[in-house]
Structures are given as structure tokens and as C-alpha cells.
Amino acid sequence: LCLLTVGTLTAQSREVTLVREKTPSNRVEYGTQKLKSVLEENGYSVTLSDRYRSDPNRTTVVVGLQTDKVVHTAASRNRIPLKNSSAQEGFSIGSAQRVIVVSGNDATGTLYGCIELVDSLKTNGVLPASITLTDAPEMILRGGVIGMQKTTYLPGRKVYEYPYTPESFPWFYDKELWIEYLDMLVENRYNSFYLWNGHPFASLVKLEDYPFAVEVSDETFRMNQEVFSFLTEEADKRGIWVIQMFYNVLVSEPFARHYGIETQQRGRALLPEIADYTRKSIAAFVENYPNVGLLVCLGEAMDNTVEGDVKWFTKTIIPGVQDGLKALGRTDEPPILLRAHDTDCSAVMDVATHLYSNLYTMNKYNGESLTTYEPGGPWGETHKALSALGSIHIENVHVLANLEPFRWGSPWFVQKTVQAMHQVHGANGLHLFPQANYWDWPWSADKLPDGSRLKEIERDWIWYQTWSRYAWKVDRDRAEEIDFWSAKLAQMYGTDLHHGRQIMTAYDEFAEIAPKLLRKFGITEGNRQTLLLGMFMSQLVNPAKWRVYPGFHDSCGPVGERLQEYVRKAWNNQPHVGEIPPQLIAEAVKHGRRAVEEIEKAAPYVTENRDEFERLRNDVHAYYQFAQYFAEKVKAAILVLAYSYCRELENLERAAEHMENSLVYFRELVRLADDKYYHANSMLTAQRRIPITGENATNKLWGELLPHYQEELSTFHRNIDFLRRTDGLGEIEITPLSPASPESFTLENSWDRVVLDSGAVLFADRPEQPVEDLDPSLTGLTAFVTDTRQQCSEGTQIRITVHRPMQLAVGYFGSERPEYLKAPVLETNALGNEYGEADPRIANAMKITGMPPMGVHTYIFREPGNYTLDLGKGIVALLGTIEGSDPVIQRDGGIAAEADNENVDWLFY
1363 LCLLTVGTLT AQSREVTLVR EKTPSNRVEY GTQKLKSVLE ENGYSVTLSD
1413 RYRSDPNRTT VVVGLQTDKV VHTAASRNRI PLKNSSAQEG FSIGSAQRVI
1463 VVSGNDATGT LYGCIELVDS LKTNGVLPAS ITLTDAPEMI LRGGVIGMQK
1513 TTYLPGRKVY EYPYTPESFP WFYDKELWIE YLDMLVENRY NSFYLWNGHP
1563 FASLVKLEDY PFAVEVSDET FRMNQEVFSF LTEEADKRGI WVIQMFYNVL
1613 VSEPFARHYG IETQQRGRAL LPEIADYTRK SIAAFVENYP NVGLLVCLGE
1663 AMDNTVEGDV KWFTKTIIPG VQDGLKALGR TDEPPILLRA HDTDCSAVMD
1713 VATHLYSNLY TMNKYNGESL TTYEPGGPWG ETHKALSALG SIHIENVHVL
1763 ANLEPFRWGS PWFVQKTVQA MHQVHGANGL HLFPQANYWD WPWSADKLPD
1813 GSRLKEIERD WIWYQTWSRY AWKVDRDRAE EIDFWSAKLA QMYGTDLHHG
1863 RQIMTAYDEF AEIAPKLLRK FGITEGNRQT LLLGMFMSQL VNPAKWRVYP
1913 GFHDSCGPVG ERLQEYVRKA WNNQPHVGEI PPQLIAEAVK HGRRAVEEIE
1963 KAAPYVTENR DEFERLRNDV HAYYQFAQYF AEKVKAAILV LAYSYCRELE
2013 NLERAAEHME NSLVYFRELV RLADDKYYHA NSMLTAQRRI PITGENATNK
2063 LWGELLPHYQ EELSTFHRNI DFLRRTDGLG EIEITPLSPA SPESFTLENS
2113 WDRVVLDSGA VLFADRPEQP VEDLDPSLTG LTAFVTDTRQ QCSEGTQIRI
2163 TVHRPMQLAV GYFGSERPEY LKAPVLETNA LGNEYGEADP RIANAMKITG
2213 MPPMGVHTYI FREPGNYTLD LGKGIVALLG TIEGSDPVIQ RDGGIAAEAD
2263 NENVDWLFY
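Using the numbering used here, you'd call the opening residue of the sequence shown number 1363 and step up by one each time.
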């Protein structure tokens, strides 16, 4: 599976006969026509034929499968040894005198052999005088992703609910754009692409038993059918599977209205009408669009149990596919990919593999970011377990929340990442999201001076090319790769090889900045955090209050220490292990400085694509400013955490100086980036939480964050002054929250009530476990007395009628034990912030005898109406109602906290 020899180019006849079988497959015909077109572009006169004849005055190129008669005839007469392997999509190219034979192991392999010659023609302008090549891809599935999603929710809709309509997705109906995208995929040897949507079926199929479920007009439905059929046919010519992704939390809006249910509801039972509707939708989809596969997300599912996931996949989804195949009379099986998102894939696959053979598993590589080429931890073990199942396991390079919106395309980082996918995780497939702006495809987030938009696939060409190159073959010689990418970039920007290498070096250097900083300082790898908008000091010094995603830091980078651990060890004179904060910020700044130096060396010699080079150059400078900004904030955080041990005000004063320095760099970042981008994160919703909410498309640019960071510094100065006046011994006064008046709401549940204070009993079946201690702000609220046994067996449902704005305080216990209800986790529950409940308002707020510490979340009801909250099964405390106008300041109550030093994030409030 390697290049054997490629002969030197020579002057030769510009007459070419292109030979293939009389009735070639659509993929062989596509490859033949592509080769013909590029030959003609390079001055060749091309004649097509279906018979091989020797002609010493013409060059003959024979294209086909290794079993085709014309291939055997040409190869044997010219003694061309075709070293075909049996690998899927493999091909062999051999030559003798003026004859070149392209032989594929299958139709897609033949197509790729044609593309190999096309690439040679594009680079050199002539066919090779001699060539001997055998090649095949290492990864079985290699695919890109397009989101049928939008930056904000549609009116009256929830997350993921986007019917296929011209109003929401005008680009979907642009056939020329589809051809451009499909051509990009096949040129990079991708053999699949995925359309992500919550519930696509009600836009693409009509069901006799559920005619009311369609949620687009008749005219739009007709257009959708036409475009989707066109898309699948054009993709098939290029050897590409179209794979439709869908969530199992969703039904169509008219279906939900018909049955009086929600379109999506976590924890909902597997209702028979939903199962029947889903099975028939899948069957109709397979029947109507033959060249499609399915990507199934059981996570966030209705039943949300292992048993429910197994039942849904094996009793609804697989039978739906089989029903569709039976209707077509087909015996082959299109691919079904099971996404390991909030799902026990092993349990599901253990049953499913007995029912269906063409199954794949898929899991996020570094979550919803790119953080390392040295993965490990519990997430790494998940990948290994899925790879061991026997089916093909696919790595999902997902969303890239830490790379938005700047350019990113490091060949070295990508090569090492793909090596880790194979060697560490045991995976053999790639599922690649756009590098940035997923929620706003097909556009990039770049703001061009003339108001036009830049296509994402044009801007991020190097993103697609690096991943495809190493998904095809990863263990390539480093020195050869440096030359390869240096030449690519030199060609792109009209420079010589030396300056192309400087641009490549810049890419490799700044590529390390965001991964290194997020993996040790971030709250989450998920899209609720936009790293390149920065972080608040409270998020650095007390990340637990912001709900660090479990397993994130252990899985998304090498062994090392987070800030709190580093300062504690330093205070206790303990040895440090692995990556440590001062090292990482110093490396990030160094990477940024080196990237700027290299890009500036190359800048005077750029003669092509100058506008794009300037955008890249600006991104490099922006990354450097960000690295310096972030380094200063981390230095400040180290000093603040040290103060929590030593109580020396000098630490805080020095921290303030570093925060002031950080603002200098951040202002420069504002200058560089604010007028160059529409947004830093393409998801402009309340689901984005860190550093600050993105609700209603706010806080989307650095200039919007600057006042918040300035206020943070001002608050810090005020609190330092407060400590000076009180000799460092002052205490912050905390006032009790105001209970909602009885006129604000009507509760339908018949729970007993108790006033919150020390000694109060919140669980009727546990009278021996009263409240031991609580945050002063909670004192005086009227809590609801529940039963833990009932909560565990039946769940907790709250039925409330709201008359005027109010809040409900809910206490979630900090425990991984299964009897305790988990607080909403946006990484796995996209509806987990529907009422503003995602973030704990008061961490470590209460201690109940014999129970874990508790954090308080608030559900905010701004509009009058009837509400039903299904919290799910598990123990949870209902702490009472709060006036809607009384803000619950986010902070750490410090009750029963495990830290051996006092939490000091109050300094920033």
C-alpha cells in the first residue's frame, strides 16, 4: 500500500485514448470523465473507447476494475504487473511505453486511481512517463459533516428542531453548491458525509398512517425530495455515502401537537405511537433514498436508560431499516452508525450485532474540542472498549468549540492525532466536523470588507486536506511531510518552498495554543464554553462551582496538574507531576511568538491569494494576543489561590497587576478580531455558558466581553480595598433571599412544607437526617418535603401554575452514586438550560446529615402559565420558591466543601 516508483516526466503525444468497459459503473464513469476533463484542460485531445487497441502514436489510459476484460487485456499485452491488494477502495496503477492501466479493487478504488492521475496532472501538467503505484485507504469510513442547524432557535421551537425549508436553509437547494462540496470530498478521498438534524424525517417522507406528521408545505416537500434524491445520486457517483443523523429525543411538531405531547422530553417513556411512527419513518426514508446510511444518537433519549436504549435500537431503528430494504427487495445493508453519546454502546451492540451486520460505533475524540494527540483517561477507555467490539469504530472530531473562529490547520498536530486514533483508541474511521462555524454552514464567520461571505470549505481547505491525507495513510515520513505541506502552502500563496515552510511552521506553532490551554484550565470541552472569548477569574480559581465536566481533564491531555492542585502542592512543598500551569502558559506564549515570527518572515514574499493570507496573518496575531492575555490571567489566578493559603494582601495586589496586563492584551485582541468576525462562536444561544451566556445572540465578540473583564478588575480592586480596611478579616454580609409570595404561583403537588433552617427535615422518610448547615441566603425559604423512595422509583414531577415571575430553588447533591439525581449536564442534555437551570447558583450551599454536599440551581419562570417539570429519577431537594426579581448571585457557599483552604472567588463579586 505504498508508492513504488513514479517516473520522470517527458514530452509525449498529446493524443490520448481513454478506455473503459462498455457499461461501466457510475463511479468508474465519473472517474473516467473527471480524468478526461482534466486531460483536456491540460491540452490533451481525448478519445473515449470501450475496447483496448495498441497504438504507438497515442497514449492509452485503461480504467476499470481488476476483473474487467479491458484491464486484463491491456495489462497482459504490455506486461504491466498490477500489484492489487484486496483492500477495500484500493487501486493499482502501472505503465509500459505509452500505456497506463488503472485497476481498482472495486468501483470506488478505480475512481480513486483516476483521481490519483488527476492530481498528478494538476501538479505537473502532463501524464507521468512511467508509474507504478499500489494504494488503499487505512480508515474504512472517512467523512465530513454538515449541520442542518442554525445559530439560534427557530421561533417557538427548541434545540435541534429545524425542518428542511428554503427559509431556514436556502443553501440546501443550491445544486451547484452541493456539486462543489461533493467534488471537494472526492478530491480528498472522503467516502461519506453526514447531515446532522434533530428530526429530518418529517421533512423528507410522508407516511400513510401519519399524514399529519409532515412539518413542511407540499411545495417544500416536493423540493426536499428532489434535492435529496439529486444529492444521493451525485454522491454515489463519487463513491460517497450520504448518512443522515437524527436524535431520538425528537418527533415532529405536528405529530407532538396531534398526540398532546412535547416534541422532546428527557426521561419520557417509550410510547408505542412514537415507536411506530419512528420505525415507519425510517423504513420510508430507506425506501425513498437508497444510497443512504443512518447515524443514530440514542443519547438524550426518551427513556434515558440502558434498557430503553437497547430496546429502541433493536426494536425500532434496525427493524425500520430492514422494513425499508424489504420493500426495495434489497439484501445488502446500508451502514448504521451508533453514536456513543450518553449511551452504553457496548450493551446496545451486544444485542444489535445479532440482528444487523453493517454496524459501526462512533465517539467524540476529545469531546467537542480538539485538545491533544495524547488522549487517555476514562474517555480513552470508552474508545478502546468500543474498538474491541469487533465492528469498525469511528472517531468523531466534533464541533471544535475551542478553535472557533480563527483558522487552524496544523499537519503535524493532525498526523499525530490520527496516529493516536489508531494506536491508542484502536479506531479505524473519521467523522470530521467543520473547523469552525458549524452552526452557520456553508459560511465562515469571517466578516469581509465588502459584506460578502466566505465559504467555510474554501477558507478551511487545509483542515479538510490534512485530515483526509492522514486518514488515508498516517505513518508518513516527517521530513517528506514537511516538504509536501511546504510545497502546498507555497503554491497557495505564491512563494518559494522556503517561505511555504515558514507558513507551515506558523500553522504548527499556533495550533498548540488553544488545545494546551483548554485541556488544563477549561471547565468543559463542550460547546457551552467558548475558549477564545476568555475566562473569568472565578472560573479559573473555583472551576468546580461552574460544574467541570467529569472525566474531561483526565481524558483530554497528558498527565498534569490543574491550577488548584498546582497551588496546593506548591504550598505544601509537594513534588509536581506532568504538565503544570506555569509551563503551559509559557509554552502557549512561546508558540504564539514563534507563529508570529514565522508568518511575518513569509509575508513579504506572498504573491497569490493575498487577501486570504492577510486573514491568516491576522488570526496568527490574534492567537498570540490571546495567549498573552490568558497567561496573565492564569498568573493572577495562581496568586489569588496562594492568598487563600497565606492571607498576604501583596498576593492580591500582584494579581491585580497581572489582570491589568491581561486587559492590555485583550484590548489588542478586540482591535484585531472584532471587525474581522461576525461572532466567535456560531452557537448563539443560552446553551453557551462560559465565559458568559450567549442568550439572544449576545456576548458573541471580544468587544462585548471587554466591559465584563474591566468590571471584574474593578470589583477585585474594591474587594482588595475592603480587605485593607478590615485588616484582611472582613466578612461579606449575605442577605436571605425573598420567598415568592403566595400570589405568584399555585402548586398542584400536595407536598408538606417546612421553613429552611438548621434542623429542618426535607425528606419525610428520613427524619433522622436534618439540615446541619446552610448558606445564609437560603434561610427562611419554604421548602417542600418529599420522599426519597418515591423519588428513586417514580421520579420527581413538579406541576406549577405561575401567575407572575418567580424562581424555584432545587438542590442537587454532589455525588456520582446512582440514587442521587444528577444536575442538568448540557454536554449530554441539550434541554438542560430551558429555564436557566444549568449552572449552580450557589455551590456547596447546604449539608444534610449523612448526605453529600448540595448545590442550588434555580429554575426561572418569567412568563405566566402552566408548567410541568420532570426532573427524573433520583434524590433531589426542593428548596422553595424565590421572588422573580431577587437575583441569586452565583458564588460558592463553602458549606461542607472539601478544599483545605477557604474559597476566595467572592473577591470577584
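C-beta atoms are modelled at their ideal positions from N, C-alpha and C, and glycine is treated no differently.
Legend entry - Presumed contact (8 angstroms Cβ cut-off) between A1950 and F1992, rounded CB distance: Distance from A1950 to F1992 at the Cβ level is roughly 7 angstroms; contact confirmed, criterion being Cβ atoms closer than 8 angstroms.
Inset, instruction - Would you check if the distance between the CB atom of F1555 and the CB atom of G1509 is smaller than 7 angstroms? - result: no
Legend entry - Neighbourhood of P2167 by C-beta, 6 angstroms cutoff - its chain only, sequence neighbours within 5 removed: R2224 and G2246
Legend entry - Cβ contact check for the region 1839-1846 and the region 1686-1699: 3 or more pairs under 8 angstroms: no
Legend entry - Sheet register partners of T1667 (DSSP bridge): None, per the DSSP bridge assignment.
Inset, instruction - Quick one: grab the DSSP three-state call for G1369. - result: Here the model assigns G1369 a pLDDT of 46, short of 50, so the residue's position is not dependable, and the following value carries that caveat. Assignment of G1369 by DSSP, reduced to helix, strand and coil, places it in the coil class.
Legend entry - Assigned secondary structure, K1817 (DSSP; H/G/I helix, E/B strand, else coil): Assignment of K1817 by DSSP, reduced to helix, strand and coil, places it in the strand class.
Legend entry - DSSP three-state assignment for R1956, whether helix, strand or coil: It is helical.
Inset, instruction - Tell me, to the nearest whole angstrom, how far the beta carbon of R1955 is from that of Y1986; I am working on the premise that it is less than 8 angstroms. - result: 6 angstroms
Legend entry - Residues near T2163 in its chain [Cβ-Cβ closer than 7 angstroms; skip 5 each side]: Excluding residues up to 5 positions away in sequence, F2107, T2108 and N2228 lie with their Cβ nearer than 7 angstroms to the Cβ of T2163 in the same chain.
Legend entry - H1716, buried or exposed, once every other Cβ within 10 Å from all chains shown has been counted against 16: exposed
Inset, instruction - Quickly, what does DSSP pair G1426 with across the bridge? List them, please. - result: Partner residues in the beta bridge of G1426, as assigned by DSSP, are S1465.
Legend entry - Pairwise C-alpha distance: E1383 and L2031: 59 angstroms
Legend entry - Rounded straight-line distance, which links the Cα of S1465 to that of E1377: Rounded to the nearest angstrom, the two C-alpha atoms are 21 angstroms apart.
Legend entry - Cβ neighbours of L1557 in the same chain (closer than 6 angstroms, five flanking residues each side left out): For L1557, where only same-chain residues beyond five positions count, the Cβ hits under 6 angstroms are I1508, M1510 and Q1606.
Legend entry - Simplified DSSP state of W1803, which is helix, strand or coil: coil
Inset, instruction - Report yes if the CB atom of L1721 is closer than 7 angstroms to the CB atom of S1753, and no otherwise. - result: yes
Legend entry - Own chain, CB closer than 6 angstroms to R2080, minus 5 neighbours either side, in chain order: none
Inset, instruction - Pull up the distance between the alpha-carbon of L2170 and that of T2097, whole angstroms please. - result: 18 angstroms
Inset, instruction - Check L1557 in the structure and name its three-state DSSP category. - result: Collapsing the DSSP output to three states places L1557 in a strand.
Legend entry - Sequence ranges, beta strand (DSSP E) only - wholly within the region 2190-2249, length at least 3: Counting whole runs of 3 or more residues, the region 2190-2249 contains the beta strand (DSSP E) stretches 2204-2210, 2216-2223, 2227-2234 and 2239-2245.
Inset, instruction - Grab the span of the beta strand (DSSP E) containing F1795 for me, first residue to last. - result: Note, F1795: premise wrong, no beta strand (DSSP E); not H, not E.
Legend entry - Backbone secondary structure at D2252 - three-state DSSP: Reading the sequence as shown, one finds Gln at residue 2252 and not Asp. Correct three-state label for Q2252: coil.
Legend entry - Sheet register partners of V2032 (DSSP bridge): In DSSP, V2032 forms no bridge with anything.
Legend entry - 7 angstroms CB neighbourhood of A1917 in its chain, flanking five on each side removed: The sequence as given places Ser at residue 1917; Ala does not occur at that position. Same-chain partners within the cutoff: P1737, G1738, G1739, P1740, W1741 and G1742.
Inset, instruction - Report yes if the CB atom of N1764 is closer than 7 angstroms to the CB atom of A1868, and no otherwise. - result: With contacts defined as CB atoms closer than 7 angstroms, N1764 and A1868 fail to qualify as a contacting pair.
Inset, instruction - Look at the Cβ atom of L1701, then the Cβ atom of C1659, and state whether they are nearer than 7 angstroms. - result: Strictly speaking, residue 1701 in this sequence is Arg, with Leu absent from that position. A contact, by the Cβ cut-off of 7 angstroms.
Legend entry - L1810, buried or exposed, once every other Cβ within 10 Å from all chains shown has been counted against 16: exposed
Legend entry - Where the beta strand (DSSP E) through L1603 begins and ends: Residue identity differs from the one stated: residue 1603 is Trp in this sequence, not Leu. Counting along the chain, the beta strand (DSSP E) containing W1603 begins and ends at W1603 to Y1609.
Legend entry - Between the CA atoms of N2191 and G2306 - distance to the nearest angstrom: Summary: the structure shown does not reach residue 2306, with the chain confined to residues 1363 through 2271, and so no result is reported for it.
Inset, instruction - Give every residue of the same chain whose Cβ lies closer than 7 angstroms to the Cβ of E2073, excluding the five residues on either side of it in the sequence, and list them in chain order. - result: The beta carbon of E2073 is closer than 7 angstroms to none in its chain, skipping five residues each way along the sequence.
Legend entry - Contacting residues, own chain, Cβ-Cβ under 6 angstroms from R1815 (five flanking each side not counted): W1805
Inset, instruction - Whole angstroms is fine: what's the gap from A1436's alpha carbon to V1423's? - result: Taking the CA atoms as reference points, A1436 sits about 9 angstroms from V1423.
Inset, instruction - Please report the residue range of the alpha helix (DSSP H) in which Q1990 lies. - result: First-last of the alpha helix (DSSP H) with Q1990: R1972 to C2008.
Inset, instruction - Could you check how far apart the C-beta atoms of T1494 and G1452 are, in whole angstroms? I think they sit under 8 angstroms. - result: Not quite, the Cβ-Cβ distance comes to about 15 angstroms (not below 8 angstroms), so this is no contact.
Legend entry - Cβ neighbours of T2230 in the same chain (closer than 6 angstroms, five flanking residues each side left out): R2161
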